[in-house]
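Down below is the structure, laid out as structure tokens.
Residue numbers (the working numbering): 2 to 320.
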């Protein structure tokens, strides 16, 4: 985790207040919050938030622990970027919560057994963190965090036990819904949020991460979503650019061509392919319109004898 330095430490090193201002203006220092700085550029939002956590924990009562979205960042869980302007902590001692532009301190029941360390920072454990995010963040982001935690190896029973530990916490009903819906096979927040919004829209439940093969048994693609009875493959792009698909030494145009060949391979199986972006993923109404239309067209093209799947290409079971 990126180190931090205080205003007092900079003065002790011989820098004047004018020097400190000049260093910030030149980019040699990054101001994190009042009297706290980093000597590194923090262009990435997650890196900046981790560094802000480090700076904040140097200033607050040590009986408070990093929690909620901030803990999710330290655990490597997906988070809503709009939640990264302030650090969230939970107070272990009696008292009221506190809120400022860069710090939110919650007064929520917690015990020492629910606390661990990440990069020498005291933080709520993974199970408690998922439960807190599921209770307090929008439904889709709670599911994104739970999906990622399950994929990382935590068990559903561990999450359930964490929920049951404090039965009077606010938001438990929503957190239980998150736990029921969570699935380790979702590989991104865009997929997780698409899943819950498709459910809200009343669309048929898709298979996840289904492997598709051609008539010769050659692997063609792994589908984000597959509606077997309709012959439809769904793909959500989220914020992914073709650059994210690049292998070492590969040019962007090669990645684009590979993706186009992949799409052609899916369509060559006689399947209907529907794609949507992050904006659509966040809208049950738009998902219903776009995916619903694809299911209708796919059924006409591939599934005249519904629900008999015999005419479909070979597919593997969901991973």
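No residue lacks a Cβ here, since even glycine has one placed at the ideal position from N, Cα and C. On a predicted model such as this, the values are computed, not experimentally measured, just so you know.
Looking at residue 92 and residue 106, is the spacing between their C-beta atoms short of 7 Å?
-> Yes, the pair counts as a contact, with Cβ atoms nearer than the cut-off.
Could you tell me whether the Cβ atoms of residue 133 and residue 69 are closer together than 7 Å?
-> Against a cut-off of 7 Å, the Cβ pair of residue 69 and residue 133 comes out as a contact.
Residue 111 - DSSP class collapsed to helix/strand/coil | Residue state for residue 111 is assigned as coil, using DSSP reduced to three classes.
Which first and last residues belong to the beta strand (DSSP E) in which residue 14 is found?
-> No beta strand (DSSP E) contains residue 14, which DSSP labels as neither H nor E.
Compute the Euclidean distance between the alpha carbons of residue 246 and residue 223, then round it to the nearest angstrom.
-> The pLDDT assigned to residue 246 is 49, lower than 50, so where the model puts this residue is not dependable, and the model offers no usable value.
Closest by CA to residue 221, which one among 95, 211 and 66?
-> Of 95, 211 and 66, the residue nearest in Cα terms is 211.
Please say whether residue 58 and residue 321 have beta carbons closer to each other than 7 Å?
-> Residue 321 lies beyond the stretch modelled for the chain, which goes from 2 to 320, so this question has no answer here.
What is the DSSP secondary structure of residue 245, reduced to helix, strand or coil?
-> Residue confidence for residue 245 is low, a pLDDT of 49 falling below 50, so the modelled location carries little weight and cannot support an answer.
The stretch 135-143 touching the stretch 183-203, judged by at least three CB pairs closer than 8 Å | Touching, yes.
Distance, Cα to Cα, residue 232 vs residue 81?
-> When rounded, the separation of the alpha-carbon atoms in residue 232 and residue 81 is 33 Å.
Is it right to say residue 111 is buried, meaning 16 or more other beta carbons lie within 10 angstroms of its own, or is it exposed?
-> With a threshold of 16 other beta carbon atoms within 10 Å, residue 111 meets it and is buried.
Does the stretch 179-191 come within contact of the stretch 265-273, defined as at least 3 CB pairs closer than 8 Å?
-> The stretch 179-191 makes no contact with the stretch 265-273: fewer than 3 CB pairs, one atom from each, lie closer than 8 Å.
By Cβ distance below 8 Å, which residues in the same chain neighbour residue 288 in space, the five residues on each side in sequence not counted?
-> Spatial neighbours of residue 288 in its own chain (CB-CB distance under 8 Å, excluding positions within 5 residues in sequence) are listed in chain order as 195, 198, 199, 202, 204, 277, 281 and 282.
Please specify which runs of the alpha helix (DSSP H), each continuous and at least 4 residues long, are wholly inside the stretch 34-75, giving them in chain order.
-> Look at the stretch 34-75 and you find these whole runs of alpha helix (DSSP H), each 4 residues long or longer: 46-58.
Alpha carbon of residue 22 to alpha carbon of residue 39, nearest angstrom | Rounded to whole angstroms, residue 22 to residue 39 spans 13 Å at the Cα level.
Inspect the beta-carbon positions of residue 115 and residue 126 and report whether they are closer than 7 Å.
-> Yes, they are a contact pair.
Please name the residue in 176, 73 and 10 whose C-alpha comes closest to that of residue 163.
-> 176 is the residue among 176, 73 and 10 whose C-alpha sits nearest the C-alpha of residue 163.
How many angstroms separate the CA atom of residue 215 from the CA atom of residue 300?
-> Approximately 20 Å between the Cα atoms of the pair.
For residue 60, count neighbouring Cβ atoms within 10 angstroms of its own Cβ and tell me buried if that reaches 16, exposed if not.
-> That one is exposed.
Is the beta carbon of residue 130 sitting closer than 7 Å to the one on residue 167?
-> It is not a contact, given that the beta carbons lie outside the stated cut-off.
Three-way DSSP call (helix, strand, coil) for residue 292 in this model = Residue 292 falls in the helix class under three-state DSSP.
Select from 218, 192, 257 and 229 the residue whose C-alpha is nearest the C-alpha of residue 237.
-> The shortest C-alpha separation from residue 237 is found at 192.
Counting only the same chain and skipping the five closest in sequence on each side, list residues whose C-beta sits under 7 Å from that of residue 152.
-> If we look at residue 152 and ignore the five residues flanking it on each side, its Cβ neighbours are 185.
Cα-Cα separation between residue 137 and residue 273, rounded to whole angstroms | Whole-angstrom Cα-Cα distance: 38 Å.
Taking buried to mean at least 16 other C-beta atoms within 10 Å of its own C-beta, is residue 145 buried or exposed?
-> The residue is buried, with at least 16 neighbouring Cβ atoms inside 10 Å.
Is it right to say residue 295 is buried, meaning 16 or more other beta carbons lie within 10 angstroms of its own, or is it exposed?
-> Residue environment analysis places residue 295 among the buried positions, since at least 16 neighbouring C-beta atoms fall within 10 angstroms of its C-beta.
Can you give the beta carbon distance from residue 149 to residue 47, rounded, assuming they're within the 8 Å contact cut?
-> Rounded, the Cβ-Cβ distance is 14 Å, inconsistent with contact.
When you compare only the Cα positions, how much space is there between residue 225 and residue 235?
-> Annotation: residue 225 to residue 235 spans about 6 Å, alpha carbon to alpha carbon.
Considering only residues of the same chain and omitting the five flanking positions on each side of residue 99, which have a CB-CB separation below 6 Å?
-> Correct list, in chain order: 106.
Residue 20 versus residue 54 - alpha carbon distance = Looking at the two C-alpha atoms, the distance is approximately 25 Å.
Is it buried or exposed for residue 14, if we count other Cβ within 10 angstroms and need 16 for buried?
-> Residue 14 is exposed by the Cβ-count criterion.
Is the CB-CB distance between residue 5 and residue 56 below 7 Å?
-> The answer is yes: Cβ separation under 7 Å.
CB residue 72 to CB residue 124, shorter than 7 Å?
-> Yes; because the gap between Cβ atoms is below 7 Å, this pair is in contact.
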